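Worksheet: one structure, shown below.
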Amino acid sequence: MQIDWLTVAAQIANFLVLIWLLQRFLYRPITEAMARREARIEERLSDARTRRKEAEDEAESLHQEREKLEGSRQEMLEEARAKADDLRQRLEQDARDEVARKRTTWHEMLDDERTDFVREMQRKAGHKVLDVSGRLLTEFTSAGLDDPVARGFVGKLKDLEADTRKKITEAAKGSDGPALVETAVAINAAARQKITRAIHEQVETDIEVDYREDEQMLLGVRLTIGEQTVEWSAARHLKRLNRELDELLDKARPAARKNETAK
2 MQIDWLTVAA
12 QIANFLVLIW
22 LLQRFLYRPI
32 TEAMARREAR
42 IEERLSDART
52 RRKEAEDEAE
62 SLHQEREKLE
72 GSRQEMLEEA
82 RAKADDLRQR
92 LEQDARDEVA
102 RKRTTWHEML
112 DDERTDFVRE
122 MQRKAGHKVL
132 DVSGRLLTEF
142 TSAGLDDPVA
152 RGFVGKLKDL
162 EADTRKKITE
172 AAKGSDGPAL
182 VETAVAINAA
192 ARQKITRAIH
202 EQVETDIEVD
212 YREDEQMLLG
222 VRLTIGEQTV
232 EWSAARHLKR
242 LNRELDELLD
252 KARPAARKNE
262 TAK
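According to the working numbering, the sequence shown is numbered sequentially starting from 2.
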């Protein structure tokens, strides 16, 4: 088997360029947006502190007014003191409650955005790795793998479970049409003979076998007899890995948010 290392290197370089582009045009803008959001949060916190200072100044003003009324009737002085203390405490408590509430809300929003961003980056990176893997397998598939593909398919046929073998055997004996073998690229006559002979041995009948190319197959073979289909291909495994990756990240998201809430 001859491997075009220049193509492989180009694919790797494409992947590295993709990672750089993600850093330059996705992660960095989002990080800058988060920084701007934090700046706005700090501005709002500063505004809350200013309001608190104004409340304290107002309370102090009332306190000074109380001292000016020192020489007036004791009843007025006591009433002013009570009002000033009550107002100060109420305003200070309101300011503290407002700051605490906004801080909690903003932190929760930032945590949710950060968690969603990380999960999405993990998802995109995972799918991109699988996509690059699929492209590499496509390159390898066209590199003269006829005999290995045939040997692998023959081995898989021999290892079929009894129930699956029974189904395709019954389908072959009851079918008026030919069996269909699909591969990513055209395979040579010798490889076709091996596959045809193995099919005849497994289904116990000399059913006609047609061959067809399917670029979506990547590295592997699909056999269809009537309504029965058996397939062994890299594309099938890549689809399964993509599905499992999505399921894993979807399960990890609520768990991560639960941990953040517990903190």
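Cβ atoms here follow ideal geometry from the backbone N, Cα and C, with glycine treated the same way.
Just so it is clear, the structure is predicted and the values come from calculations on it, not from any experiment.
Inset, instruction - Just the C-alpha distance for residue 64 and residue 85, rounded to the nearest angstrom, thanks. - result: Cα to Cα, the separation comes out at about 7 Å.
Inset, instruction - Could you work out which residue in 60, 181, 188, 6 is closest to residue 91 when comparing CA atoms only? - result: Of the listed residues, the one whose Cα sits closest to residue 91 is 60.
Legend entry - Identity of the residue in 83, 54, 68, 105 nearest residue 93 by Cα: Of the candidates 83, 54, 68, 105, the one whose C-alpha sits nearest the C-alpha of residue 93 is 54.
Legend entry - Three-pair Cβ contact test at 8 Å for the stretch 162 to 181 versus the stretch 199 to 215: Pairwise C-beta distances place the stretch 162 to 181 in contact with the stretch 199 to 215, as three or more of them are shorter than 8 Å.
Legend entry - Three-state secondary structure assigned by DSSP to residue 186: Three-state DSSP puts residue 186 in coil, outside helix and strand.
Inset, instruction - Return the chain-ordered list of same chain residues with a C-beta closer than 6 Å to the C-beta of residue 174, the five sequence neighbours on each side being excluded. - result: So the list reads 206, once near-sequence residues are dropped.
Inset, instruction - Measure the CB-CB distance between residue 172 and residue 217 and report whether it falls below 7 Å. - result: No, Cβ-Cβ distance for residue 172 and residue 217 is not below 7 Å.
Inset, instruction - Specify whether the stretch 147 to 161 and the stretch 179 to 199 touch according to this definition: at least 3 beta carbon pairs, one from each stretch, less than 8 Å apart. - result: Under the three-pair Cβ rule at 8 Å, the stretch 147 to 161 counts as touching the stretch 179 to 199.
Legend entry - residue 38 to residue 76 span [Cα, whole Å]: Going by the C-alpha atoms only, they are around 51 Å apart.
Legend entry - C-alpha distance - residue 100 paired with residue 27, whole-angstrom precision: One C-alpha to the other measures close to 32 Å.
Inset, instruction - Return the CA-CA distance between residue 184 and residue 5, expressed in angstroms with no decimal places. - result: Taking the straight line from one Cα to the other gives about 21 Å.
Legend entry - DSSP-derived helix/strand/coil call for residue 160: In the structure shown, residue 160 sits in coil (DSSP, three-state: anything other than H, G, I, E or B).
Inset, instruction - Identify every residue that forms a DSSP beta bridge with residue 211. - result: Residue pairing by DSSP puts residue 211 in a beta bridge opposite 181.
Legend entry - Residue of 152, 8, 231 minimising C-alpha distance to residue 191: Ranked by Cα distance from residue 191, the first of 152, 8, 231 is 152.
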